[in-house]
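Here the structure is laid out as structure tokens; the discussion comes afterwards.
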Amino acid sequence: GDAIWRLDPWAKKSLTLNFGDGPSRKNAAAIDPANADLLRIVIGWWLYGPNGVRGYRSLKTRFDQMRQLFVLCTQEGILASEMSHFPRVADRLPEVLQASRSGELLALLHELYEQRDALGFTLLDRAGLARLAAAMPDHQKLQTPYIPPRIWHYQVIRLRECLDDFLAHRAHIEGCFRFCLAAYRQNFASLQGRRRPRSFYPFQRPLDGSNGKRTGRQYYGPFIDTAHRFGLVELFRRWLGVSDDEICIQTLTSYLNLVSRAGLGYLLNFSLMRVEEAWNLRADCLHIEHDPQFGDIYVLRGRTTKTMSDAEALWVTSPSTKIAVEAMRGVADIRAECGFLPGEASAPDDPAKRYLLDFVLEPWGTKFTKINRMLRPSIQSYAKSLSRFDKLFDPEQLRITPEDYELARLVTPTLSDTFEVGKIWPLAWHQLRRTGAVNMQASGLVSDASLQFQLKHIARATSLYYGQNHSRVRLEEKAHTYYVRTMYETLGRQLQQLTSNRFVSPHGEKRKSEIVRLISASDAKKSINLAKKGTVTHRPVLL
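The sequence shown lines up with residues 272 to 814 when you count with the working numbering.
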């Protein structure tokens with residue numbers, strides 16, 4: 272009966288389902304209590320019923336799609352279970368649905384129709400589903416773009432340079448971080464839970480001009496002096512583009528964030544993992560297997576849940592990813608020491624079980640909100656990361672040339688207008704996965720079975736779709752969606768075949784011509800539309 276369901280423990284991040292019959296919120300349209308109860312039954316069926324969803328993403332996606340139907344019913348003043356009696360309301364569904372998801376919603380509604388006895392109500396009956404199928408707009412899904420080799424190579428080189436630079440200065444960075452942490456600990460020791468006043472910050476001059484003597488804390492001068500002492504000023508200038516006047520204690524945090532994002536990008540380039548999978552890697556994820564025939568084999572171990580569930584999944588990777596894991600582990604280790612500050616949550620007891628990417632817990636952060644360590648921080652897109660760290664890549668090196676465009680079009684013929692000659696290539700995490708799959712298949716050295724294993728796909732054809740652009744059809748759990756749509760198309764084609772000599776009427780040719788007078792034998796598309804709209808009724812029989 273709750274108006275809001277919290278899925279945080281399942282998703283390991285903040286995730287809610289708002290059924291709309293509770294306190295109003297700006298970002299959620301209201302649903303009346305009667306319709307909200309029906310929606311809760313539907314979601315409960317998908318959550319606990321047979322063949323329910325495997326993951327929280329699937330449940331959230333289904334909820335977001337189905338919610339629009341119940342909002343429409345609320346606005347029209349009807350119950351969703353009575354929609355079949357109000358065809359004009361049902362005809363408005365395509366207006367409120369996301370075009371790219373309309374096929375999936377049709378499949379979901381068809382599934383709920385088949386389970387109407389168990390649910391106790393019907394949303395759309397067979398005729399309503401046929402009308403919806405006929406009214407659904409055509410939508411061609413665009414495949415994830417393939418990054419041209421020149422741009423892909425450039426971003427890999429820059430990510431590696433960033434990681435190498437961090438490891439070359441690792442001892443200085445760790446020394447600076449621990450010195451700052453000790454300074455904050457010393458000044459915060461006497462707070463005993465009170466609010467942190469500005470006079471307690473070790474790198475900000477006290478307002479009373481006493482250098483901290485009157486407040487019992489120590490002032491270490493501006494942070495730029497500490498950065499010079501540890502030899503980090505040039506490093507900050509090179510990778511963050513800051514001037515001496517802009518260097519402060521938060522600059523150290525920004526640089527560590529940059530290293531973590533560079534490591535994430537490097538792992539995705541050389542593992543073909545989904546970004547969610549790499550985001551949740553632990554510090555002990557890298558394993559080296561010694562094989563007498565092939566030598567050392569580098570493997571990343573983590574969790575995958577999207578198309579298959581495996582807590583100990585493996586990804587074969589390049590030996591160079593050792594650099595990325597080492598750098599990310601270095602950042603995670605020193606940040607874990609912040610967990611022992613007064614009032615902060617402690618880090619995991621086993622260092623090997625720490626996440627490579629976790630919350631920023633430095634005491635000099637700008638926000639001192641309470642962090643729920645049971646959840647995971649949200650994932651930032653590749654493009655947003657690059658906008659924050661604009662010195663990582665030179666935009667001119669990412670500008671699309673005619674050769675880049677032609678190579679990208681060869682693999683992804685449906686490139687949108689965003690990818691045009693002269694524009695900056697908009698990088699995304701998932702592009703790294705698609706590009707790696709294409710390069711693997713193009714090499715001729717990787718078997719289809721190996722690619723399927725690496726991508727963690729259930730169906731071999733899905734991996735071929737990623738790598739060779741075989742078709743626009745997504746398999747796995749999406750197969751049911753296409754089956755339902757094809758069912759109505761097949762019905763139309765069967766109707767068209769009735770006019771052929773293959774079918775006869777026991778009452779003679781005259782009766783046959785009367786039966787099929789609405790059907791145009793020359794226009795299959797017209798027949799399909801007639802079947803979808805329910806204008807023609809056709810039922811195959813055994814004879």
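Glycine is no exception: its CB is placed at the ideal position from the N, C-alpha and C atoms.
Is residue i buried or exposed, if buried means 16 or more other CB atoms sit within 10 Å of its CB?
i, result
"residue 537", "buried"
"residue 554", "buried"
"residue 416", "buried"
"residue 529", "buried"
"residue 348", "exposed"
"residue 559", "exposed"
"residue 568", "exposed"
"residue 823", "In this structure the chain extends from 272 to 814, so residue 823 is not present and cannot be described."
"residue 426", "buried"
"residue 598", "buried"
"residue 658", "exposed"
"residue 380", "buried"
"residue 629", "buried"
"residue 588", "buried"
"residue 289", "buried"
"residue 473", "buried"
"residue 601", "buried"
"residue 281", "exposed"
"residue 704", "buried"
"residue 831", "No answer is possible for residue 831: it lies beyond the span of the chain, which begins at 272 and ends at 814."
"residue 353", "exposed"
"residue 428", "exposed"
"residue 375", "buried"
"residue 806", "exposed"
CA-CA distance, residue i and residue j?
i, j, result
"residue 673", "residue 692", "6 Å"
"residue 544", "residue 437", "24 Å"
"residue 817", "residue 551", "One cannot answer for residue 817 here, as it falls past the ends of the chain, which runs 272 to 814."
"residue 539", "residue 548", "9 Å"
"residue 291", "residue 532", "37 Å"
"residue 368", "residue 335", "10 Å"
"residue 495", "residue 300", "50 Å"
"residue 627", "residue 574", "14 Å"
"residue 510", "residue 521", "14 Å"
"residue 490", "residue 634", "16 Å"
"residue 632", "residue 680", "44 Å"
"residue 594", "residue 454", "31 Å"
"residue 279", "residue 339", "23 Å"
"residue 419", "residue 318", "42 Å"
"residue 304", "residue 649", "32 Å"
"residue 500", "residue 294", "55 Å"
"residue 476", "residue 518", "15 Å"
"residue 423", "residue 653", "13 Å"
"residue 345", "residue 274", "15 Å"
"residue 515", "residue 504", "8 Å"
"residue 297", "residue 557", "45 Å"
"residue 584", "residue 591", "20 Å"
"residue 636", "residue 459", "14 Å"
Using DSSP with H/G/I as helix, E/B as strand and the rest coil, what is residue i?
i, result
"residue 683", "coil"
"residue 367", "helix"
"residue 671", "coil"
"residue 301", "coil"
"residue 418", "coil"
"residue 819", "Examination of residue 819 is not possible in this model, given that the chain is present from 272 through 814 alone."
"residue 643", "coil"
"residue 476", "coil"
"residue 434", "helix"
"residue 587", "strand"
"residue 289", "strand"
"residue 327", "helix"
"residue 455", "helix"
"residue 594", "helix"
"residue 277", "strand"
"residue 695", "strand"
"residue 425", "helix"
"residue 705", "helix"
"residue 490", "coil"
Contact criterion: CB-CB distance below 8 Å. Does residue i meet it with respect to chain D?
i, result
"residue 376", "Chain labels in this structure do not include chain D; a single protein chain is all it has."
Is any non-hydrogen atom of the ligand MG found closer than 7 Å to the C-beta of residue i, if you look at the structure I gave you?
i, result
"residue 354", "As for the ligand MG, it is missing from this structure, which has no ligand bound."
At least 3 beta-carbon pairs within less than 8 Å: the region 513–528 vs the region 664–680: At 8 Å Cβ cutoff, the stretches do not touch.
_Complete runs of the beta strand (DSSP E) confined to the region 495–582 [at least 3 residues]_ = For the region 495–582, the full-length beta strand (DSSP E) segments reaching 3 residues or more read 557–562 and 566–575 along the chain.
Practice problem: Evaluate contact between the region 307–316 and the region 325–344, counting only Cβ atoms and requiring at least three cross-stretch pairs below 8 Å. | Solution: The answer is yes - the region 325–344 touches the region 307–316, with three or more Cβ pairs under 8 Å.
Exercise. Mind listing, in chain order, the continuous alpha helix (DSSP H) runs of no fewer than 4 residues lying wholly within the region 327–401?
Key: DSSP runs (the alpha helix (DSSP H)) wholly in the region 327–401: 327–347, 358–361, 364–367, 373–385 and 387–390.
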